[in-house]
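*Asks:* The structure that follows is given in the form of structure tokens.
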Amino acid sequence: MGVGPLIGFLILMALMIIGSVSLWYFARKKKSKVGILISSSLLLVFLAILFMNKIDQLTHSKSDVCEDLKFAQIILHDDF
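Quick note on my numbering: the sequence shown kicks off at 3 and runs consecutively.
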């Protein structure tokens, strides 16, 4: 798996913790609109990063597969 995904996961968790803490902090100072704005923007960044790989997997087309097979020097005789 490697260290890269682990570091990415830790960064995403830090974003979620910072968002939660900022919401709690600004709610205590009676400025909940600012806290909601900051935490929701961090949540959107978190979700965008989280689903980036899923969207890439769903949009894998036939031309992408043919390029991958050509890179691996595999000849595909059937059409799929």
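Note that the Cβ used here is the ideal one computed from N, Cα and C, for glycine as well.
All values derive from a computational prediction rather than experimental measurement.
Let's test the definition: count the other Cβ atoms within 10 Å of the Cβ of Leu78 and tell me whether it reaches 16, buried, or not, exposed.
*Replies:* Flag for Leu78 reads exposed.
*Asks:* Should Phe28 and Gly21 be called a contact, given that it needs their Cβ atoms to be closer than 7 Å?
*Replies:* No, they are not a contact pair.
*Asks:* For the alpha helix (DSSP H) holding Leu71, just list the boundary residues, first then last.
*Replies:* Counting along the chain, the alpha helix (DSSP H) containing Leu71 begins and ends at 64 to 73.
*Asks:* Using a Cβ-Cβ cutoff of less than 7 Å, which residues in the same chain neighbour Phe48 once the five nearest sequence positions on both sides are dropped?
*Replies:* Within the same chain, Phe48 has close Cβ partners Leu14, Leu17, Met18.
*Asks:* Restricting to Cα atoms, I'd like to know which of Ser63, Ser41, Leu12 is closest to Leu25.
*Replies:* Nearest C-alpha to Leu25: Ser41.
*Asks:* Within a Cβ cutoff of 6 Å, which residues of the same chain sit near Leu71, ignoring the five residues on either side of it in sequence?
*Replies:* So the qualifying residues of the chain are Leu78.
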